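First up is the structure itself, then whatever we jot down about it.
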Amino acid sequence: MALNDFDSVDEEDLCDVFSSYEACIMPTKDNIRKLIIQKPSFVTECWSPLLQCYLRSLLPNTGLEEVYRDLHVTNKKVLKLLQLPEDISKAEKLTLDALRQYIKRCSKDKLTAFLQFCIGSNLIIEIWKSVCATP
Numbered sequence: 511m512a513l514n515d516f517d518s519v520d521e522e523d524l525c526d527v528f529s530s531y532e533a534c535i536m537p538t539k540d541n542i543r544k545l546i547i548q549k550p551s552f553v554t555e556c557w558s559p560l561l562q563c564y565l566r567s568l569l570p571n572t573g574l575e576e577v578y579r580d581l582h583v584t585n586k587k588v589l590k591l592l593q594l595p596e597d598i599s600k601a602e603k604l605t606l607d608a609l610r611q612y613i614k615r616c617s618k619d620k621l622t623a624f625l626q627f628c629i630g631s632n633l634i635i636e637i638w639k640s641v642c643a644t645p
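Once you know that position 89 of the sequence shown is 599 in my numbering, the rest is easy, because the numbers rise by one and skip nothing.
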């Protein structure tokens with residue numbers, strides 16, 4: 511909005527945005543485009559070759575696509591996350607069976623909402639694999 515109609519933007523809101531970027535210059539109608547678009551673009555252009563080189567060494571040989579695919583939620587992956595002790599009561603076993611049936615039948619949207627509710631994320635990350643339910 512500030513790029514299209516600078517005069518209609520609340521000055522306090524603009525200052526808040528720029529202070530979050532630790533900008534030392536108060537934007538004006540003349541320099542707003544440079545501050546919002548050109549500077550970040552220049553920084554991105556400068557860092558891009560370095561980050562590409564560094565990130566390639568961090569990614570596994572199979573690449574980013576596989577890492578991304580591993581993060582996606584499937585019913586099977588969520589079921590594998592459920593780990594309970596063997597010595598549970600009959601009521602707990604029935605509850606677990608009902609939960610497993612629910613997870614098996616969940617649509618992708620409901621499954622991601624379920625994960626978001628339970629673990630605070632809709633992605634399956636390695637740290638969640640070590641989370642176990644305790645009685």
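Glycine is no exception: its CB is placed at the ideal position from the N, C-alpha and C atoms.
Remember, it's a predicted structure, so these values are computed and weren't measured experimentally.
Quick one: give me the first and last residue of the alpha helix (DSSP H) that residue i is part of.
i: residue 628; result: 618 to 629
i: residue 613; result: 600 to 615
Taking the alpha-carbon positions, what's the residue i to residue j distance?
i: residue 617; j: residue 581; result: 17 Å
i: residue 599; j: residue 606; result: 10 Å
i: residue 633; j: residue 589; result: 14 Å
i: residue 611; j: residue 577; result: 28 Å
i: residue 587; j: residue 541; result: 50 Å
i: residue 562; j: residue 520; result: 38 Å
i: residue 593; j: residue 603; result: 12 Å
i: residue 551; j: residue 567; result: 24 Å
i: residue 518; j: residue 564; result: 42 Å
i: residue 522; j: residue 538; result: 13 Å
i: residue 546; j: residue 553; result: 12 Å
i: residue 597; j: residue 579; result: 35 Å
i: residue 556; j: residue 615; result: 48 Å
i: residue 595; j: residue 543; result: 59 Å
i: residue 631; j: residue 575; result: 20 Å
So what does DSSP say about residue i, is it helix, strand or coil?
i: residue 541; result: coil
i: residue 588; result: helix
i: residue 523; result: helix
i: residue 548; result: helix
i: residue 593; result: coil
i: residue 565; result: helix
i: residue 633; result: coil
i: residue 583; result: coil
Taking CB distances under 8 Å as the criterion, tell me whether residue i reaches chain B.
i: residue 541; result: In the structure shown, chain B does not exist; there is a single protein chain.
Cβ of residue i within 8 Å of Cβ of residue j?
i: residue 583; j: residue 609; result: no
i: residue 613; j: residue 585; result: yes
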